[in-house]
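Same order as they appear, the protein sequences are chains S and F. The working numbering applies: residue 26 is where the first sequence begins, and numbers increase by one. The working numbering applies: residue 26 is where the second sequence begins, and numbers increase by one. For each residue, glycine too, the CB sits at the ideal point set by N, CA and C. Please read these numbers as outputs of a predicted model, since none were measured by experiment. First the structure, in the form of structure tokens, and then the observations on it.
Number of protein chains: 2
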Amino acid sequence: MAPQPPVDEEPFTAEQAAVALANEAFYQAVEDGDLDAVRALWIDGEHADTAHCVHPGQPAVHGRSKVLMSWAVVMSRLSYLQFFIMDVRVVVSGEIAVVTCVENVLTDLPASADAVDLPGFAGGRAEATNVFRRMADGRWLLFAHHSSPVFPSGGGDSPDSAD
Amino acid sequence: MAPQPPVDEEPFTAEQAAVALANEAFYQAVEDGDLDAVRALWIDGEHADTAHCVHPGQPAVHGRSKVLMSWAVVMSRLSYLQFFIMDVRVVVSGEIAVVTCVENVLTDLPASADAVDLPGFAGGRAEATNVFRRMADGRWLLFAHHSSPVFPSGGGDSPDSAD
Numbered sequence: 026m027a028p029q030p031p032v033d034e035e036p037f038t039a040e041q042a043a044v045a046l047a048n049e050a051f052y053q054a055v056e057d058g059d060l061d062a063v064r065a066l067w068i069d070g071e072h073a074d075t076a077h078c079v080h081p082g083q084p085a086v087h088g089r090s091k092v093l094m095s096w097a098v099v100m101s102r103l104s105y106l107q108f109f110i111m112d113v114r115v116v117v118s119g120e121i122a123v124v125t126c127v128e129n130v131l132t133d134l135p136a137s138a139d140a141v142d143l144p145g146f147a148g149g150r151a152e153a154t155n156v157f158r159r160m161a162d163g164r165w166l167l168f169a170h171h172s173s174p175v176f177p178s179g180g181g182d183s184p185d186s187a188d
Numbered sequence: 026m027a028p029q030p031p032v033d034e035e036p037f038t039a040e041q042a043a044v045a046l047a048n049e050a051f052y053q054a055v056e057d058g059d060l061d062a063v064r065a066l067w068i069d070g071e072h073a074d075t076a077h078c079v080h081p082g083q084p085a086v087h088g089r090s091k092v093l094m095s096w097a098v099v100m101s102r103l104s105y106l107q108f109f110i111m112d113v114r115v116v117v118s119g120e121i122a123v124v125t126c127v128e129n130v131l132t133d134l135p136a137s138a139d140a141v142d143l144p145g146f147a148g149g150r151a152e153a154t155n156v157f158r159r160m161a162d163g164r165w166l167l168f169a170h171h172s173s174p175v176f177p178s179g180g181g182d183s184p185d186s187a188d
């Protein structure tokens with residue numbers, strides 16, 4: 026089923042739906058551990074230098090080659106990874122599209138203190154901001170991905186929540 | 026001094042510099058606890074519904090009024106807040122500008138386990154993605170802010186780092 030906007034939002038336009046599909050394809054590629062598909066979905070050519078990626082809790086990575094390397098590392102470390110993507114919102118203006126969504130993640134990593142545990146699995150929730158650029162051939166490619174964990178406590182007692 | 030790009034980047038164009046100034050003004054407004062200034066820098070009018078904000082560790086907040094309320098809460102909880110903004114990168118395309126930067130934050134909150142402590146203060150580092158839209162009158166207004174803590178450990182043992 027094609028991605029749908031949150032129930033309180035207007036239905037997607039054809040343009041928003043195309044972006045939402047690119048967003049979905051990206052998560053599917055990571056879930057599948059398909060580095061070729063991930064490479065094909067990240068910005069390339071003259072805009073390759075603008076690639077920017079923040080994995081949860083990590084410093085930002087800049088530039089296409091470093092960003093792709095970071096995804097290779099993420100995918101190589103996990104034998105199981107599944108995303109349940111929710112609250113997909115898409116704003117399109119000209120050649121840029123901004124997607125925000127919630128990533129519900131299930132992995133086979135050992136559970137952390139913040140995780141919701143299932144036998145043999147660990148789950149977590151992250152907020153994501155994904156910015157796409159429309160290429161001359163019409164493809165929407167990612168140039169900025171920012172994902173960060175949501176603390177079950179709300180994080181209200183950390184100085185990091187100052188902002 | 027006006028914001029500068031990282032040393033390994035090209036100098037800002039006039040357009041990028043204007044966005045970097047809007048980004049700086051936003052952090053200054055929060056630092057000053059100036060809610061009127063914060064209100065004036067967030068998207069308004071026909072685009073007000075697209076306002077989207079992720080504070081570190083928190084679930085996303087949507088829509089201008091809820092986003093402004095979240096900033097009022099942040100500012101009311103802190104008697105001291107200072108940002109040292111680094112690694113400012115600006116991509117402009119049409120009416121949209123994407124700013125990524127590092128927020129080094131100093132507050133008077135009690136230190137957390139992740140914080141770098143000074144006597145009476147707590148510090149933290151966050152990665153930020155700020156998306157601006159150019160209004161008809163030329164002002165650049167924020168419509169998406171995403172800030173998330175960088176874990177000193179690198180966060181490599183958490184399922185949230187799966188993505």
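- prompt: Whose CA, out of F:GLU71, F:GLY58, F:VAL99, F:ARG102, lies closest to the CA of GLY88 of chain F?
  reply: F:GLU71
With 16 other Cβ atoms within 10 Å as the buried cut-off, status of MET94 of chain S: exposed
- prompt: In chain F, which residues lie less than 8 Å from SER118 of chain S when you measure between Cβ atoms?
  reply: GLY119, GLU120, ILE121, ARG158
- request: Could you check what DSSP says for GLU152 of chain S in three-state terms: helix, strand or coil?
  value: strand
task: Determine the burial state of ALA189 of chain F: buried for a count of at least 16 other Cβ atoms within 10 Å of its Cβ, exposed for fewer.
output: Nothing about residue 189 of chain F can be read from this structure; chain F reaches only from 26 to 188.
- prompt: Helix, strand or coil: how does DSSP classify SER90 of chain F here?
  reply: helix
query: Pick from S:ARG164, S:VAL130, S:LEU166: whose alpha carbon is nearest that of GLU56 of chain S?
result: S:VAL130
query: Where does THR154 of chain F land, buried or exposed, given buried means 16+ other C-beta within 10 angstroms?
result: Buried: at least 16 other Cβ atoms inside 10 Å.
- prompt: Under 8 Å between the Cβ atoms of TRP165 of chain S and ALA97 of chain S?
  reply: no
message: Using only CA atoms, which one of S:GLY163, S:PRO174, S:PHE157, S:ARG158 lies nearest to LYS149 of chain S?
response: For the record, residue 149 of chain S in the displayed sequence is Gly; it is not Lys. Of the listed residues, the one whose Cα sits closest to GLY149 of chain S is S:PRO174.
- prompt: How about LEU103 of chain S and THR75 of chain S: are their beta carbons less than 8 Å apart?
  reply: no
query: Can you find a CB in chain F that lies within less than 8 Å of the CB of VAL175 of chain S?
result: yes
query: Could you give the C-beta distance for MET100 of chain F and GLY58 of chain F, rounded to a whole number, given that I count them as a contact under 8 Å?
result: About 5 Å; that satisfies the 8 Å criterion.
query: Is VAL156 of chain S closer than 8 Å to VAL156 of chain F when the C-beta atoms are compared?
result: Going by C-beta atoms, VAL156 of chain F is nearer than 8 Å to VAL156 of chain S.
query: Quick one: does ALA97 of chain S have its CB under 8 Å from some CB of chain F?
result: By this cut-off, ALA97 of chain S is not an interface position.
- request: May I ask you to report which of helix, strand or coil DSSP gives ASP112 of chain S?
  value: strand
query: Would a check of beta-carbon distances place PRO184 of chain F closer than 8 Å to chain S?
result: Note that PRO184 of chain F scores 39 on pLDDT, short of 50, meaning its location in the model is unreliable and no value can be drawn from it.
query: Which residues, in order along the region 75 to 87 of chain S, keep a beta-carbon less than 7 Å from a beta-carbon of chain F?
result: Within the region 75 to 87 of chain S, the qualifying residues are THR75, HIS77, VAL79, HIS80, PRO81, GLY82, GLN83, PRO84, ALA85.
query: Whose C-beta lies closer than 6 Å to the C-beta of PRO28 of chain S among residues of the same chain, with five residues either side of it excluded?
result: Within its own chain, the residues whose Cβ lies closer than 6 Å to the Cβ of PRO28 of chain S, once the five positions on either side in sequence are excluded, are ALA45, GLU49, VAL113, listed in chain order.
- prompt: Using the C-alpha atoms, what's the distance from VAL124 of chain S back to GLU40 of chain S?
  reply: 12 Å
field: Residues that ARG89 of chain S contacts on chain F, provided the C-beta gap is smaller than 7 Å
entry: Simply none; closest approach about 14 Å.
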